[in-house]
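For the record, in the sequence shown the residue sitting at position 29 is 58 according to the working numbering, with numbers rising by one throughout.
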Amino acid sequence: MSNDDLVKENHRLSQLVRRMQDAVSTLRDEIADANSELAASRKLFDEQKQILLQELDRERLKRSRVESQLERQSSKETTSRGTNTIATSDASTSSNQIDQEVVHRVVPPKRTEFAAFCDWIGFTARLRDVDIKDVFHNLGHLTVEDVCANVCESDLLSAGVSHQKSKVVMQCIMECTMQYLMQ
Numbered sequence: 030m031s032n033d034d035l036v037k038e039n040h041r042l043s044q045l046v047r048r049m050q051d052a053v054s055t056l057r058d059e060i061a062d063a064n065s066e067l068a069a070s071r072k073l074f075d076e077q078k079q080i081l082l083q084e085l086d087r088e089r090l091k092r093s094r095v096e097s098q099l100e101r102q103s104s105k106e107t108t109s110r111g112t113n114t115i116a117t118s119d120a121s122t123s124s125n126q127i128d129q130e131v132v133h134r135v136v137p138p139k140r141t142e143f144a145a146f147c148d149w150i151g152f153t154a155r156l157r158d159v160d161i162k163d164v165f166h167n168l169g170h171l172t173v174e175d176v177c178a179n180v181c182e183s184d185l186l187s188a189g190v191s192h193q194k195s196k197v198v199m200q201c202i203m204e205c206t207m208q209y210l211m212q
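Shown next as structure tokens:
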């Protein structure tokens, strides 16, 4: 090989090395960009996850507040429904005597565990937009254990609950039963 050939080969190899270095540099830049995009995506994902978790916590808090409010309202309504006021006035021949009003309170009978359990299931169903009204009171079961053991979808269908709603109600019965048994 002549000297000129060696110079040309050296020049060609130098250009090849520069192109390879440029390609490596470009690849490093692309990898760095991809890593920064990935880090930004992870950060965005974590932020969105935190926001969703906070929203979930807020919704759970709202739900528990609504549940406790409804329970308080239900107990107030039960108490006020069972209260009866009877007013009688005592008329006297004496003009100085003041008419007296006698108030009698009729205390409602204590709610049975079964009725409370049925209300609990009804409340849980109402949270899922299913209003079952007095279906459970018409089923004829006497104890919570009877409801847990004996209520089936056909009972609900025969009591007038639609097929779709009966599935929701059965799910509510199962959830409430599990909560009841875990108490």
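In this text, a Cβ means the ideal position worked out from N, Cα and C, and glycines have one as well. The model shown is predicted, which means the values in this text are computed figures rather than measured ones.
Host alpha helix (DSSP H) of Gly151 (start-end): Translated into positions along the sequence shown, residue 151 becomes position 122. Per DSSP, Gly151 belongs to the alpha helix (DSSP H) from Glu142 to Leu156.
Secondary structure of Asn39, DSSP reduced to three states: Residue mapping note: residue 39 aligns to position 10 of the sequence shown, counting from 1. Looking at Asn39 - three-state DSSP - the assignment turns out to be helix.
Three-way DSSP call (helix, strand, coil) for Ser191 in this model: Position 162 of the sequence shown, counted from the start, is the residue given in the question as residue 191. If DSSP states are grouped into helix, strand and coil, Ser191 belongs with coil.
Alpha-carbon spacing of Leu82 relative to Val53, whole angstroms: By 1-based counting over the sequence shown, the position of residue 82 is 53. By 1-based counting over the sequence shown, the position of residue 53 is 24. Roughly 43 Å separates the two Cα atoms.
Those runs of the alpha helix (DSSP H) which lie wholly inside the region 44-82 and span at least 4 residues: Listed in chain order, there is nothing to give.
Spatial neighbours of Arg157 in its chain, beta-carbon cut-off 6 Å, leaving aside the 5 residues before and after: By 1-based counting over the sequence shown, the position of residue 157 is 128. These residues qualify, in order along the chain: Val197.
Residue environment, Gly189, which counts as buried when at least 16 other CB atoms sit within 10 Å: Taking the first residue of the sequence shown as 1, we reach residue 189 at position 160. Per the 10 Å Cβ criterion, exposed.
Rounded straight-line distance, which links the Cα of Ser187 to that of Gln193: Within the sequence shown, the letter at position 164 stands for residue 193. Within the sequence shown, the letter at position 158 stands for residue 187. In a straight line, the C-alpha of Gln193 is about 14 Å away from that of Ser187.
Outcome for Ala154 when other beta-carbon atoms lying within 10 angstroms are tallied against a minimum of 16: Taking the first residue of the sequence shown as 1, we reach residue 154 at position 125. Answer is buried; the Cβ neighbour count reaches 16.
Euclidean distance between Cα positions of Asn25 and Arg71: The question about residue 25 has no answer here: the residues shown for the chain are numbered 30 through 212.
Contact under 8 Å by Cβ, Phe146 with Cys205: Here residue 146 refers to the residue found at position 117 when the sequence shown is read from its first residue. Here residue 205 refers to the residue found at position 176 when the sequence shown is read from its first residue. For the 8 Å CB-CB criterion, Phe146 and Cys205 form a contact.
Inter-residue spacing [alpha-carbon to alpha-carbon] between Ile80 and Leu90: Here residue 80 corresponds to residue number 51 of the sequence shown, with the count starting at 1. Here residue 90 corresponds to residue number 61 of the sequence shown, with the count starting at 1. C-alpha separation (whole angstroms): 15 Å.
Buried or exposed by the 16-neighbour rule on C-beta atoms within 10 Å, applied to Val159: In the sequence shown, the residue the question calls residue 159 occupies position 130. It counts as buried.
CA-to-CA distance, Ile150 to Ile60, given in whole angstroms: As a working mapping, residue 60 is identified with position 31 in the sequence shown. As a working mapping, residue 150 is identified with position 121 in the sequence shown. Going from the Cα of Ile60 to the Cα of Ile150 covers about 57 Å.
Whole-angstrom distance between Thr55 and Val36, CA atom to CA atom: On the sequence shown, residue 36 is found 7 positions in, with the first residue counted as 1. On the sequence shown, residue 55 is found 26 positions in, with the first residue counted as 1. Rounded to the nearest angstrom, the two C-alpha atoms are 28 Å apart.
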